[in-house]
Each structure stands twice: as C-alpha cells, then as structure tokens.
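Participant: Anchor point for the sequence shown: position 43 equals 43 in full-length UniProt numbering, and the numbering is continuous, going up by one each time.
Ideal Cβ positions, reconstructed from N, Cα and C, are used throughout, including at glycine.
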Amino acid sequence: MPFEMVEQVERRIAKSGQETTWIVAELDGKVVGHGNLVVQGSPRRSHIGEINIGLDDGFVGKGIGSAILGALLDVADNWRALKRVELTVYADNEPAVRLYTSHGFEVEGRHVKAGFTDGQYHDLLSMARLRF
Numbered sequence: 001m002p003f004e005m006v007e008q009v010e011r012r013i014a015k016s017g018q019e020t021t022w023i024v025a026e027l028d029g030k031v032v033g034h035g036n037l038v039v040q041g042s043p044r045r046s047h048i049g050e051i052n053i054g055l056d057d058g059f060v061g062k063g064i065g066s067a068i069l070g071a072l073l074d075v076a077d078n079w080r081a082l083k084r085v086e087l088t089v090y091a092d093n094e095p096a097v098r099l100y101t102s103h104g105f106e107v108e109g110r111h112v113k114a115g116f117t118d119g120q121y122h123d124l125l126s127m128a129r130l131r132f
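Listed below in structure tokens is the structure:
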C-alpha cells in the first residue's frame, strides 16, 4: 500500500458501519498503516470478527503492523468478547504470515489464485485465531 493521506482514510472510515473498529498509524500527515476489525451482524456469526491490515511498504518490519494487530485483538478479546477472529492474507506475504502466526493465528485453508495484484494471480491463505 502506498502512503495515503489522512483524509482518504477518514472518508473510508466514515463509510464503514458501527460494527467496524479502525486503528490508523499516521506519520507527518500521511497514513503509514491501518487496520480494521469487522464484527459480523448476523446473530449466528456475531462471535466472529474479521481483521484487515495494510502497511506502507517502507514501514514493514518496524513494529507498526504488530501494534495495529495487538490493538485490534485487544478490542476483539476485551471489548467485543469474540470467540473467532479470521483474516485472509497473500500466501507469499511471509512477513504478514509470520506476524499473524506469532499472534496465535493458524492457517485453515488455501485459496488457489484467488488474489490479483501486480498483474498476477496469487494464492491466499485463510487464517483464524480461536478463543473458546
């Protein structure tokens, strides 16, 4: 993800519903990372949250992703009492896979050629962390 202006992320946040919690990392008026936790609206899936995180390439490996993930998991565990938190990540994004694994996520499945970036199709991994 390239740098985004704070206003761009603010517009995206404004469009999201009440069931979404956002964490934004900002440096000199530019967003260097952001993440969100979306809680399912259906009563049958209200125990589940989905996490999405994006970082500027220049800030990978500097602890920002870990801080965002930690804050989102704190909300999931201590405020929303979620039992399952899930995410999807590019299989070849090794730093992200290591980050999620270090926070208790496990790979549940592989989606072959399900992602498209830089003109190529890539495999995605479904990962989840359970707390029952």
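1) Grouping DSSP H, G and I as helix and E and B as strand, with all else coil, what is ASN78?
2) Kindly list the residues whose CB is nearer than 6 angstroms to the CB of VAL32, restricted to its own chain and excluding five residues on each side of it in sequence; keep chain order.
3) Tell me the rounded alpha-carbon separation between GLU19 and VAL89.
4) Helix, strand or coil, according to DSSP, for PHE59 in the structure here?
5) Taking the straight line between their C-alpha atoms, what separation do you get for LEU69 and GLY104?
6) Out of GLY115, LEU27 and ALA76, state which residue places its alpha-carbon closest to the alpha-carbon of SER46.
Facilitator: The answer reads as follows:
1) Here residue 78 is taken as the residue at index 78 of the sequence shown, counted from 1. Three-state DSSP puts ASN78 in a helix.
2) For the purposes of this step, residue 32 is identified with residue 32 of the sequence shown, where counting begins at 1. Hits under 6 angstroms: ALA25, ASP56 and PHE59.
3) Position 19 of the sequence shown holds residue 19. Position 89 of the sequence shown holds residue 89. Rounded to the nearest whole angstrom, the C-alpha separation of GLU19 and VAL89 is 22 angstroms.
4) The residue labelled residue 59 in the question sits at position 59 within the sequence shown. DSSP places PHE59 in helix when its eight states are reduced to three.
5) Within the sequence shown, numbered from 1, the residue matching residue 69 stands at position 69. Within the sequence shown, numbered from 1, the residue matching residue 104 stands at position 104. In this structure, the straight-line span from the alpha carbon of LEU69 to that of GLY104 is close to 11 angstroms.
6) As a first step, residue 46 must be located in the sequence shown, where it is residue number 46. If you compare the alpha carbons of GLY115, LEU27 and ALA76 with that of SER46, the shortest gap goes to ALA76.
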